[in-house]
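Student: Here the protein sequences line up with chains B and R, keeping their order.
Quick note, the first sequence lines up with residues 32 to 375 if you use the numbering used here.
Quick note, the second sequence lines up with residues 46 to 229 if you use the numbering used here.
Idealized CB from N, CA, C, for every residue including glycine.
My questions will all concern the structure given below.
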Amino acid sequence: MKFQNAILIELQSLSPLLADLEKITVFFVPEGYFENLSNSILICVKEDIGITNNSKLDDVPEGYLENLPATILNKIKAQQKNAVVNNLEELSESLRNIKQKELFEVPTGYFENLAVTILNKLKVAEKSSDTEESILSESIQSLDQETFFDIPAGYFENLSVSILDKIKAVASSKEEIKKLSPLMESLQQVNVFEVLEGYFSTVQDNIINTAKTTTGTTAKVVIMPNPRSFFKYVAAAVITGAMVLSVYKYTNKPAINIPVPALSFAKLDSSIEKGKAMNEDQFNEALNSLTKEDITSYLEKNGSDEDISLLTNNVEVNDLPSKDDYLLDEKTLENYLDKIKFQN
Amino acid sequence: MNQQHLDDTELLLQFKDSSTKEKGFTGIIKKYQEKLYWHIRRIVIDHEDANDVLQNMFIKVWNALDNFREDSQLYTWLYRIATNESLTYIEQQKKRASVSLSDVENGLSNKLRADINYDSNKIEWKLQLAMQQLPEKQRVVFNLRYYDEMPYQEMSIVLETSEGALKASYHHAVKKIEDYILNH
């Protein structure tokens with residue numbers, strides 16, 4: 032035996048020893064084996080598939096093949112029935128012994144007339160919808176078939192005409208532009224704006240995704256200025272100003288010419304000037320910081336009957352300090368009052 | 046007409062025709078019997094075993110040839126059946142040997158040594174013993190390439206293995222056999 036060239040070259044590269052070996056068959060084969068092999072195999076094949084020379088194909092009863100399907104079906108049903116009985120026997124012997132008797136009674140001729148009854152009902156139902164409604168629901172049948180929506184008078188009569196007019200209007204506008212300017216008419220069909228490819232197919236998803244990413248963060252609430260509240264503040268300021276002016280005017284009196292030491296007058300003026308520059312909180316704070324001696328000395332110097340009456344009207348008697356705290360003695364008060372009368 | 050010289054297509058047509066089925070089948074057997082026999086024999090060693098495997102193999106061919114799609118050559122299809130039958134037979138023998146307590150070691154090497162014509166000094170017997178050291182599939186690869194000179198492409202169809210894997214397997218087999226021959 033000689034190798035094909037390629038295989039020989041391959042074997043020589045792998046193993047020159049094997050390439051040089053002569054391919055000798057060491058196995059022994061019985062004489063005539065291959066000559067008889069095919070026949071013996073055929074015999075084996077025929078034995079395997081069961082084909083013999085003596086097979087009789089004519090021994091088939093008459094009508095066997097025609098009745099075969101029905102026979103098989105009956106056998107299957109019998110087997111199923113037996114299977115149920117056998118299963119029952121396995122499950123419970125007591126159940127098997129119970130006679131299969133129907134306990135429920137059925138009217139005479141029920142099954143014979145059943146098909147006809149159903150058909151008649153169906154025919155009756157098909158005849159009129161009233162009948163169908165009465166069958167379905169009596170409450171529905173009792174409802175008046177009224178329409179609850181109002182429509183303009185002559186709506187349906189004029190509907191076709193109005194639709195046609197609209198169609199004509201569209202057609203006429205096209206004809207109009209065509210007559211005026213064929214160039215303009217052609218331009219209408221040209222879309223100059225470009226849209227990114229796939230934009231409309233993805234815009235919905237983009238919106239949803241954007242909305243999802245921004246959820247969870249509270250939106251900034253911007254309070255819009257309310258014009259009505261502005262007018263309220265203006266009105267309050269006007270009223271307050273009027274009250275202040277009236278009070279000021281009522282309490283404003285020419286100063287009493289009491290000879291005051293120049294230094295204290297200058298001092299007083301600066302205090303007044305300072306008080307004018309103060310706001311309410313600052314004024315109250317400064318007032319609270321005054322001592323009793325400061326107040327009494329001021330009243331002695333600058334007090335008037337009106338001031339006293341104003342104070343007394345606005346001051347609760349209970350809030351006043353006790354006589355012992357307020358006055359040293361009665362004589363001091365009398366002297367003070369006399370002094371005030373003399374000065375006025 | 047000598048059936049052996051008929052084309053595979055003609056033999057298949059004869060087989061598929063019910064009137065000439067046996068004639069076509071006989072022609073196929075006669076055309077491929079020796080090649081397939083030796084392929085099986087080199088795997089199972091024993092003649093009786095090879096005969097059993099060969100007959101079983103052709104019975105299967107008889108049953109399956111009607112469904113042969115002819116997308117591969119007939120002889121590669123036959124080789125594939127023969128290889129599978131041989132390897133299955135060896136597996137069955139191994140299982141039988143492991144179950145049966147009376148069998149000491151019924152290996153294929155012993156079968157070779159038990160052959161009437163066995164001569165340990167002859168290199169061709171050493172080659173056979175060296176081949177028995179290979180795994181079954183590797184042995185099949187070596188047989189198909191060395192004895193049957195089958196191209197790797199056809200071998201891949203027979204053994205349902207990639208050509209690269211077959212090439213590697215053959216190269217390893219050659220090296221192993223050479224080492225065995227040199228060292229024994």
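Starting from Arg-158 of chain R, find everything on chain B with Cβ-Cβ shorter than 7 angstroms and list it in chain order.
Tutor: As a working mapping, residue 158 of chain R is identified with position 113 in the second sequence. Within chain B, no residue comes near Arg-158 of chain R; the closest Cβ sits about 12 angstroms away, beyond 7 angstroms.
Student: Give the secondary structure of Thr-54 of chain R by DSSP, where H, G and I count as helix, E and B as strand, and everything else as coil.
Tutor: Here residue 54 of chain R is taken as the residue at index 9 of the second sequence, counted from 1. DSSP places Thr-54 of chain R in helix when its eight states are reduced to three.
Student: Anything in chain B within Cβ reach of Glu-79 of chain R, meaning under 7 angstroms, just list it in chain order.
Tutor: The count along the second sequence starts at 1 and reaches residue 79 of chain R at position 34. Going along chain B in sequence order, the residues near Glu-79 of chain R (Cβ under 7 angstroms) are Phe-65.
Student: Count the other CB atoms, across all protein chains shown, that sit within 10 Å of the CB of Asn-189 of chain B; report buried if there are 16 or more and exposed otherwise.
Tutor: Taking the first residue of the first sequence as position 1, residue 189 of chain B is located at position 158. Counting Cβ neighbours within 10 Å, Asn-189 of chain B comes out exposed, since fewer than 16 surround it.
Student: Note down, in chain order, all residues in the segment 158-191 of chain R with a beta-carbon under 9 angstroms from any beta-carbon belonging to chain B.
Tutor: Under the 9 angstroms Cβ criterion, the segment 158-191 of chain R contributes Asp-160, Ile-161, Asn-162, Tyr-163, Asp-164, Lys-167, Ile-168, Glu-169, Trp-170, Leu-172, Gln-173, Arg-190, Tyr-191.
Student: Under 8 angstroms between C-beta atoms, does Asp-79 of chain B make it to chain R?
Tutor: As a position in the first sequence, residue 79 of chain B is number 48, starting the count at 1. With 8 angstroms as the cut-off, Asp-79 of chain B counts as an interface residue toward chain R.
Student: Taking CB distances under 8 angstroms as the criterion, tell me whether Leu-88 of chain B reaches chain R.
Tutor: As a first step, residue 88 of chain B must be located in the first sequence, where it is residue number 57. Per-residue confidence for Leu-88 of chain B stands at a pLDDT of 45, beneath the threshold of 50, marking its modelled position as unreliable; no derived number is given.
Student: Per the contact definition of three or more C-beta pairs closer than 8 angstroms, is the segment 201-217 of chain R in contact with the segment 119-126 of chain R?
Tutor: Because the criterion of three Cβ pairs below 8 angstroms is met, the segment 119-126 of chain R and the segment 201-217 of chain R touch.
Student: Could you check where the alpha helix (DSSP H) with Asp-193 of chain R kicks off and where it finishes?
Tutor: Stepping through the second sequence from its first residue, residue 193 of chain R is reached at position 148. Asp-193 of chain R -> no alpha helix (DSSP H), and no H or E assigned at all.
Student: Output, in sequence order along the chain, the residues in the segment 97-113 of chain R whose CB is closer than 7 angstroms to any CB in chain B.
Tutor: Listed in sequence order: Gln-100, Phe-103, Ile-104, Trp-107.
Student: Would you check if the distance between the CB atom of Asp-79 of chain B and the CB atom of Ile-73 of chain R is smaller than 8 angstroms?
Tutor: As a first step, residue 79 of chain B is located in the first sequence; it is residue number 48 there, counting from the start. As a first step, residue 73 of chain R is located in the second sequence; it is residue number 28 there, counting from the start. No, the pair does not count as a contact, with Cβ atoms beyond the cut-off.
Student: Output, in chain order, the set of chain B residues within a Cβ distance shorter than 9 angstroms of Thr-71 of chain R.
Tutor: Translated into the one-based positions of the second sequence, residue 71 of chain R becomes position 26. Per Cβ cutoff of 9 angstroms: Ser-69, Asn-70, Ile-72, Leu-73.
Student: Which value, in whole angstroms, describes the spacing of the CA atoms of Asp-52 of chain R and Asn-105 of chain B?
Tutor: For the purposes of this step, residue 52 of chain R is taken as the residue at position 7 of the second sequence. For the purposes of this step, residue 105 of chain B is taken as the residue at position 74 of the first sequence. Taking the straight line joining both Cα atoms gives about 53 angstroms.
Student: Going by DSSP, what residue range makes up the alpha helix (DSSP H) through Gln-110 of chain R?
Tutor: Translated into positions along the second sequence, residue 110 of chain R becomes position 65. Checking the sequence, you will find Leu at residue 110 of chain R rather than Gln. Segment: none, Leu-110 of chain R is in no alpha helix (DSSP H) and carries neither H nor E.
Student: Within a Cβ cutoff of 7 angstroms, which residues of the same chain sit near Leu-172 of chain R, ignoring the five residues on either side of it in sequence?
Tutor: For the purposes of this step, residue 172 of chain R is taken as the residue at position 127 of the second sequence. The residues are Ile-222, Ile-226.
Student: Please confirm if Val-203 of chain R has its CB atom under 8 angstroms from at least one CB of chain B.
Tutor: As a first step, residue 203 of chain R must be located in the second sequence, where it is residue number 158. No, its Cβ sits nowhere closer than 8 angstroms to a Cβ of chain B.
Student: Pick helix, strand or coil for Gly-229 of chain B, following the three-state DSSP scheme.
Tutor: Mapped onto the first sequence, residue 229 of chain B falls at position 198. Here Gly-229 of chain B sits in coil by DSSP.
Student: At a CB-CB cut-off below 7 angstroms, which residues of chain B make contact with Val-89 of chain R?
Tutor: Against the second sequence, residue 89 of chain R aligns to sequence position 44. What Val-89 of chain R touches in chain B: nothing, since even the nearest Cβ is about 11 angstroms away.
Student: Using only CA atoms, which one of R:Gln-198, R:Glu-208, R:Lys-61 lies nearest to Asn-112 of chain R?
Tutor: Taking the second sequence and counting its residues from 1, one reaches residue 112 of chain R at position 67. Measuring from the Cα of Asn-112 of chain R, the nearest candidate turns out to be R:Lys-61.
Student: Taking Cβ-Cβ distances shorter than 7 angstroms, what residues in chain B pair up with Arg-86 of chain R?
Tutor: Along the second sequence, read from residue 1 onward, the residue named residue 86 of chain R stands at position 41. Simply Phe-58.
Student: According to DSSP, simplified to helix, strand and coil, what is Asn-166 of chain R?
Tutor: For the purposes of this step, residue 166 of chain R is taken as residue 121 along the second sequence, with counting starting at 1. Looking at Asn-166 of chain R - three-state DSSP - the assignment turns out to be coil, as it is neither helix nor strand.
Student: What are the boundary residues of the alpha helix (DSSP H) that Gln-43 of chain B is part of?
Tutor: What you label residue 43 of chain B is simply residue 12 of the first sequence in a count that begins at 1. Run containing Gln-43 of chain B: 36-45, per the alpha helix (DSSP H) assignment.
Student: Can you have a look at Ile-103 of chain B and say buried or exposed, based on whether 16 or more other CB atoms are within 10 angstroms of its CB?
Tutor: The residue given as residue 103 of chain B occupies position 72 in the first sequence. Ile-103 of chain B comes out exposed.
Student: Given the structure, does Leu-189 of chain R come close to the ligand GDP, in the sense that its CB is under 7 angstroms from one of the ligand's heavy atoms?
Tutor: In the structure shown, the ligand GDP is absent, as is every other ligand, since no ligand is present at all.
Student: Would the beta-carbon of Lys-268 of chain R fall within 8 angstroms of that of Asp-91 of chain R?
Tutor: Coverage of chain R is limited to positions 46 through 229, which leaves residue 268 of chain R absent and any answer about it impossible.
Student: How should Val-275 of chain B be labelled, buried or exposed, when 16 other C-beta atoms within 10 angstroms of its C-beta is the threshold for buried?
Tutor: The residue labelled residue 275 of chain B in the question sits at position 244 within the first sequence. The residue is exposed, with fewer than 16 neighbouring Cβ atoms inside 10 Å.
Student: With a threshold of 8 angstroms between beta-carbons, can Ile-55 of chain B be considered close to chain R, or not?
Tutor: Along the first sequence, one-based indexing puts residue 55 of chain B at 24. For Ile-55 of chain B, the answer is yes, since a Cβ of chain R falls inside 8 angstroms of its Cβ.
Student: Checking contacts by CB at 8 angstroms: is Gln-43 of chain B closer than that to chain R?
Tutor: By one-based count along the first sequence, residue 43 of chain B stands at place 12. Not closer than 8 angstroms to any Cβ of chain R, the Cβ of Gln-43 of chain B fails to qualify, so no.
Student: Provide the residue span of the alpha helix (DSSP H) that contains Leu-210 of chain R, from first to last.
Tutor: Taking the first residue of the second sequence as position 1, residue 210 of chain R is located at position 165. Sequence inspection shows Ala at residue 210 of chain R; the Leu mentioned does not correspond to that position. Here the alpha helix (DSSP H) through Ala-210 of chain R covers 208-228.
Student: Determine, using beta carbons only, whether Ile-135 of chain R comes closer than 8 angstroms to chain B.
Tutor: Locating residue 135 of chain R in the second sequence gives position 90, counting from the first residue. So no, Ile-135 of chain R is outside the interface.
Student: My guess is that Leu-52 of chain B and Ile-168 of chain R are in contact by the Cβ rule of under 8 angstroms, so how many angstroms apart are they, rounded?
Tutor: Position 21 of the first sequence, counting from 1, holds the residue named residue 52 of chain B. Position 123 of the second sequence, counting from 1, holds the residue named residue 168 of chain R. Sure, about 6 angstroms apart at Cβ, within 8 angstroms.
Student: Report the neighbours of Glu-223 of chain R on chain B: residues whose CB is nearer than 7 angstroms to its CB, in chain order.
Tutor: Position 178 of the second sequence, counted from the first residue, corresponds to residue 223 of chain R. Under the 7 angstroms cutoff, chain B gives Ser-46, Leu-48, Leu-49.
Student: Is the CB of Ile-38 of chain B under 8 angstroms away from at least one CB in chain R?
Tutor: Walking along the first sequence from the start, residue 38 of chain B turns up at place 7. So yes, Ile-38 of chain B belongs to the interface.
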